[in-house]
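Visitor:
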Amino acid sequence: MTKETKHNPSILENNGLPEFERDYFCDARPEQSRPLAKYIEKFLNWARANSLWLLGFGTGCGAVELRPLMTARYDMYRYGIAPRPTPRQSSVFIIGGYASVKTTKRIIRSYEQMQQPKFVIALGSCPINGGMYWDSYNTINRIDHYIPVDVYIAGCMPRPESIIAGFDLLKKLIKEGQAEGANKYIENLDWYKANQKKIIKDWNMPDYNW
Amino acid sequence: MADILRTALYLFISVFVILNYGLLLNGLVRKIVARAHGRVGPPIWQPWLDILKTYAKRSAISHGVMFFLGPIFRLAGGLGTYLFIPAIYGSVMFANLSFSGDLLLVMYFIFFGQLGMALGAGEGGHPNSAIAVGRGLSQMTSFELPFALSVIALAIQYHSLSITEIVAAQQGGILNWTIFTNPLATFAGLFALLGMNMHSPFDIVLAPQEVPIGPPTEMQSSFLGILQTNRAIFLSAKLVLFMNLYLGGATNIFAMMLKTFMLYMLSVVVGVSFPRFRTEQSIRFFLGVPTLLGLAAVIIFML
Chain A
82 MTKETKHNPS ILENNGLPEF ERDYFCDARP EQSRPLAKYI EKFLNWARAN SLWLLGFGTG
142 CGAVELRPLM TARYDMYRYG IAPRPTPRQS SVFIIGGYAS VKTTKRIIRS YEQMQQPKFV
202 IALGSCPING GMYWDSYNTI NRIDHYIPVD VYIAGCMPRP ESIIAGFDLL KKLIKEGQAE
262 GANKYIENLD WYKANQKKII KDWNMPDYNW
Chain B
355 MADILRTALY LFISVFVILN YGLLLNGLVR KIVARAHGRV GPPIWQPWLD ILKTYAKRSA
415 ISHGVMFFLG PIFRLAGGLG TYLFIPAIYG SVMFANLSFS GDLLLVMYFI FFGQLGMALG
475 AGEGGHPNSA IAVGRGLSQM TSFELPFALS VIALAIQYHS LSITEIVAAQ QGGILNWTIF
535 TNPLATFAGL FALLGMNMHS PFDIVLAPQE VPIGPPTEMQ SSFLGILQTN RAIFLSAKLV
595 LFMNLYLGGA TNIFAMMLKT FMLYMLSVVV GVSFPRFRTE QSIRFFLGVP TLLGLAAVII
655 FML
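This is the structure:
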């Protein structure tokens, strides 16, 4: 890399990748997305709020509380919530409990692959403040230092009812146009990246996983 | 010129109606399946919300030209299938372009979209896409056999490959329908329809929990939106085609909706009753009884 590109703010350095691999990955810096005109955006936000597709990635033990939510007893489908097997298509990422350093790396990769607008729910005490893993050598304490979080659902573990309440809050935020976590992430990308790289020692992926 | 404009307007209305009808069918079926599971289920208008949400995504990632073209080919396949079938017999507005193409063209269009999608999904580079494309193409080849035999039997029976003429020959009473005049070909065709609709036990392409969502794994935002649009159009197009071939067509929109709904219910009832086949089981199934039924239908009408 030449000196100019190093200081070019629109290009990411991808330092973690070996030299010969850098060509395979996109090094463009993501850009913030602007909302549309007021009433159109309001209408679209209403649609977004009523069609929430979860990323079906059980990141921690809290994912067991998502199962009863999907089945007949709590039936999240009636609220317009459906699981989606790929980050590309989903709009809500649930951090289901504690995030070990290894999982955090996957969380970041998956989060960055989701398309905007995207929302994050931190489920249980562990992603909020560490919970019972507060002094563990291998788990992170606050997930919102690594990706932006829209809704926190406290508890160890929260019952499906609380998760439904959390979804209701998320819907309210989306309708009000306040769930702009993706833009916040891109705006403060350097801060988030510094935090992420501080804990993930084997950073062998591009700086932004397009 | 005025003729062309009028045809274009009619086509637009026809496609708009069939798109919404397809989405309505999807919504209804989700509700019905949910009831079979003992759930409340999503609201009937959920497919509209999903499609709107997908189109309203603010960013999209492309993996190359073919990735771009995949969903477009798929939509072209769905539209092509629909536009060359008369949706309502005797209606000018819903006759579509049925005079310009025959059954073979429609069969080609059914295949075309899936091939285009296979190329597009391949460029996405996700292993699940490639696995599911392989499964999908092999299953499609196997259910195409009973379907083609059934179509050949119909062509021998009615001395025509024009869908309008096949529908015309079935008018004048319920006993003139192909399901009564040629039950073997009908059952071969309906087995093929089960495969085409990709409900359980033939849902080996999208196969949740196996290749989670199959070919569209990498498709997002408007790419997925186009696929969802196509899913609604293509579904109703197939149902309308089978209604025309086997159930005597429809002379008004309510008859069309009733008959296609009943046809779709066949897939849904089979779907909620049976677990998924493995790929080779599905292929063996189509090459067994359905193909023999189709062969028998052809032989009987040739004698």
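Order-wise, the sequence lines are chains A and B.
So the first sequence is residues 82 to 291, counted in the numbering used here.
So the second sequence is residues 355 to 657, counted in the numbering used here.
For glycine and all other residues, C-beta sits at the position ideal for the given N, C-alpha and C.
Taking just the CA atoms, how far does A:N96 sit from A:M82?
Guide: Residue confidence for A:M82 is low, a pLDDT of 40 falling below 50, so the modelled location carries little weight and cannot support an answer.
Visitor: Establish whether the CB of A:N269 and some CB of chain B are separated by less than 8 Å.
Guide: It does not; no Cβ of chain B falls within 8 Å.
Visitor: To the nearest angstrom, how far is the alpha carbon of B:Q563 from that of A:G143?
Guide: Cα to Cα, the separation comes out at about 20 Å.
Visitor: For A:W134, which three-state DSSP category applies?
Guide: Looking at A:W134 - three-state DSSP - the assignment turns out to be strand.
Visitor: How big is the Cα-Cα spacing for B:N584 and B:L423?
Guide: Spanning the two alpha carbons is a distance of roughly 14 Å.
Visitor: When burial is assigned at 16 or more other CB atoms within 10 Å of the CB, is B:V446 buried or exposed?
Guide: Answer is exposed; the Cβ neighbour count stays below 16.
Visitor: With 16 as the cutoff for other CB atoms within 10 Å, does B:G376 come out buried or exposed?
Guide: Buried, by the Cβ-count rule.
Visitor: From A:F106 to A:P99, what does the alpha carbon distance come to, in whole angstroms?
Guide: Computed Cα separation, rounded: 11 Å.
Visitor: Give the residues of chain B in contact with A:Q259, contact being defined as C-beta atoms less than 9 Å apart.
Guide: Residues of chain B passing the Cβ test: none, with the nearest at roughly 16 Å.
Visitor: At least one CB of chain B closer than 8 Å to the CB of A:A220: is that the case?
Guide: Here residue 220 of chain A turns out to be Thr, not Ala, going by the sequence shown. Not an interface residue.
Visitor: Tell me, please, whether the CB atom of A:S91 is closer than 8 Å to any CB atom in chain B?
Guide: So no, A:S91 is outside the interface.
Visitor: Can you name the residues that DSSP bridges to A:P164?
Guide: Note: A:P164 sits in a beta bridge opposite A:L135.
Visitor: Rounded to whole angstroms, what's the CA-CA distance from A:T152 to B:A390? Just pull it up for me.
Guide: Taking the straight line from one Cα to the other gives about 12 Å.
Visitor: For chain A, is any of its Cβ atoms less than 8 Å away from the one on B:P566?
Guide: Judged by the 8 Å Cβ criterion, B:P566 is in contact with chain A.
Visitor: When the Cα atoms are used, what is the spatial distance from A:G212 to A:A130?
Guide: Looking at the two C-alpha atoms, the distance is approximately 29 Å.
Visitor: Compare the C-beta of A:P166 with all C-beta atoms of chain B and state if any pair is closer than 8 Å.
Guide: At least one chain B Cβ lies under 8 Å of A:P166.
Visitor: Mind the definition here: the segment 255–269 of chain A touches the segment 212–221 of chain A only if three or more C-beta pairs lie below 8 Å; say whether that holds.
Guide: No, the segment 255–269 of chain A is not in contact with the segment 212–221 of chain A.
Visitor: Got a sec: which bits of the segment 382–400 of chain B sit with their beta carbon under 7 Å from any beta carbon on chain A, in order along the chain?
Guide: Under the 7 Å Cβ criterion, the segment 382–400 of chain B contributes A388, H391, G392, R393, V394, G395, P396 and Q400.
Visitor: Does the beta-carbon of B:N606 have 16 or more other beta-carbons within 10 angstroms, so that it is buried, or is it exposed?
Guide: Exposed, by the Cβ-count rule.
Visitor: For the segment 103–132 of chain A, which residues have a beta carbon sitting closer than 7 Å to at least one beta carbon of chain B?
Guide: Answer set for the segment 103–132 of chain A: S114, L125, A128, R129, N131 and S132.
Visitor: Spatial neighbours of B:V387 within its chain, please: CB distance less than 8 Å, with the 5 preceding and 5 following residues excluded, ordered by chain position.
Guide: Only G395, V622, G625 and V626 meet the Cβ criterion.
Visitor: Say whether chain B places a C-beta atom closer than 8 Å to the C-beta of A:D249.
Guide: Not closer than 8 Å to any Cβ of chain B, the Cβ of A:D249 fails to qualify, so no.
Visitor: From B:L459 to B:T645, what distance separates their C-alpha atoms?
Guide: The straight-line gap from Cα to Cα measures roughly 22 Å.
Visitor: At the 8 Å Cβ level, is A:A153 part of the contact set with chain B, yes or no?
Guide: So, interface residue.
Visitor: Please state whether DSSP places A:V173 in a helix, a strand or coil.
Guide: Here A:V173 sits in strand by DSSP.
Visitor: Spell out a yes or no on whether the segment 571–578 of chain B and the segment 635–645 of chain B are touching, meaning 3 or more CB-CB pairs, one atom from each, closer than 8 Å.
Guide: Cβ pair count under 8 Å is below three, so no.
Visitor: Comparing alpha-carbon positions, which option in A:F248, A:E257 and A:I228 lies nearest A:P116?
Guide: Looking at the Cα atoms, A:E257 is the closest of the given residues.
Visitor: If the cut is a Cβ gap below 8 Å, which residues of chain B does A:G161 touch?
Guide: Simply P396, P397, Q400 and L403.
Visitor: What are the uninterrupted segments assigned as beta strand (DSSP E) that are 3 or more residues long and contained completely in the segment 396–462 of chain B, given in chain order?
Guide: List check, beta strand (DSSP E) in window: nothing returned.
Visitor: Looking only at its own chain, which residues have a Cβ that is under 8 Å from the Cβ of B:F466, when we skip the five neighbours before and after it?
Guide: For B:F466, where only same-chain residues beyond five positions count, the Cβ hits under 8 Å are F427, A430, G431 and G434.
Visitor: Would DSSP call A:M82 helix, strand or coil?
Guide: Because the pLDDT of A:M82 is 40, which lies under 50, any placement of that residue in the model is unreliable, and the question is left without a value.
Visitor: Going along the chain, which residues of its own chain have a beta-carbon closer than 7 Å to the beta-carbon of A:K87, five neighbours each way excluded?
Guide: In this prediction, A:K87 has a pLDDT of 49, which is less than 50 and means its spatial position is unreliable; nothing more can be read from the coordinates.
Visitor: Check whether the Cβ atoms of B:K613 and B:L601 lie closer than 8 Å to each other.
Guide: Result yes, Cβ atoms of B:K613 and B:L601 sit closer than 8 Å.
Visitor: Where does B:F556 fall in DSSP's three states?
Guide: Note: B:F556 maps to coil in three-state DSSP.
Visitor: Counting only Cβ pairs nearer than 7 Å, list the residues of chain A close to B:R412.
Guide: The answer, in chain order, is S114, Q197 and P198.
Visitor: Please name the residue or residues paired with A:Y105 in a DSSP beta bridge.
Guide: BP columns for A:Y105 are empty, so no partner.
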